[in-house]
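K.L.:
Here the sequence shown is numbered in my numbering, starting from 1 and rising by one per residue.
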Amino acid sequence: MSLNQRSGAVPSSDVSENVIETVETWKRALAGLVENAPTDVIKNCLRMYNPELPTKDNIKALKSCRKSPIIETLDYLTTSSSSLPSNNLNKDDAIHLLCLKIKNFFPD
1 MSLNQRSGAV PSSDVSENVI ETVETWKRAL AGLVENAPTD VIKNCLRMYN
51 PELPTKDNIK ALKSCRKSPI IETLDYLTTS SSSLPSNNLN KDDAIHLLCL
101 KIKNFFPD
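1. On a CA-only basis, which of N104, N87, C99 is nearest N50? Give me that one, please.
2. DSSP three-state call for A68: helix, strand or coil?
3. Got a sec? Which residues, its chain only, sit under 7 Å from L3 by beta carbon, not counting five neighbours each side?
4. Taking only the alpha-carbon atoms, compute the straight-line gap between T25 and F106 and give it to the nearest angstrom.
5. Where do the ends of the alpha helix (DSSP H) carrying N58 lie?
6. Who are the Cβ neighbours of N18 in its own chain at under 7 Å, not counting the five residues just before and after it?
7. For the alpha helix (DSSP H) containing A94, name the first residue and the last one.
8. What are the boundary residues of the alpha helix (DSSP H) that includes D40?
9. Mark L53 as exposed unless 16 or more other C-beta atoms lie within 10 angstroms of its C-beta, in which case mark it buried.
10. Alpha carbon to alpha carbon, what distance is there between A31 and I59?
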């Protein structure tokens, strides 16, 4: 009996397959958001988010975007029951919030 079998550890190949499957699910969720976005500005902003990258890298990528498309995208992703005064956010806070909003559309 191997150490992994005795410890109940999941084989690394199973973990890798689960990670790949999860990322693919996230990509499909993001593609759905892009497809349903009402404007090209919002679509382009959403396309800048890469589910394969850590949040800090997505934040860095989104910093190259102007504030107005970020706010438009936030407004698109925000439901009326959770509306925030997005125009009052500074760009960095808007980017952080946008990353959180996008992640909220990803299944667990």
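Note that CB positions come from ideal geometry on N, CA and C, so glycine has one too.
P.N.:
From the atom records:
1. Your numbering for residue 50 matches position 50 in the sequence shown. Among N104, N87, C99, the Cα nearest to that of N50 belongs to C99.
2. As a first step, residue 68 must be located in the sequence shown, where it is residue number 68. The sequence given here has Ser at residue 68, not Ala. Helix, per DSSP.
3. In the sequence shown, residue 3 corresponds to position 3, counting from 1. Any reading at L3 needs caution, since the residue's pLDDT is 48, under 50, leaving its predicted position unreliable; the model's value is listed next. Answer for L3: no residue qualifies.
4. Position 25 of the sequence shown, counted from the first residue, corresponds to residue 25. Position 106 of the sequence shown, counted from the first residue, corresponds to residue 106. In a straight line, the C-alpha of T25 is about 8 Å away from that of F106.
5. Start at 1 with the first residue of the sequence shown, and residue 58 comes out as number 58. Its alpha helix (DSSP H) spans residues 55 to 62.
6. In the sequence shown, residue 18 corresponds to position 18, counting from 1. Counting only Cβ-Cβ distances below 7 Å, and skipping sequence neighbours, we find nothing.
7. Counting from one through the sequence shown, the residue named residue 94 turns up at place 94. Segment 91 to 104, the alpha helix (DSSP H) holding A94.
8. Taking the first residue of the sequence shown as 1, we reach residue 40 at position 40. Counting along the chain, the alpha helix (DSSP H) containing D40 begins and ends at 40 to 47.
9. Numbered from 1 along the sequence shown, position 53 holds the residue referred to as residue 53. Under this definition L53 is an exposed residue.
10. Taking the first residue of the sequence shown as 1, we reach residue 59 at position 59. Taking the first residue of the sequence shown as 1, we reach residue 31 at position 31. About 19 Å.
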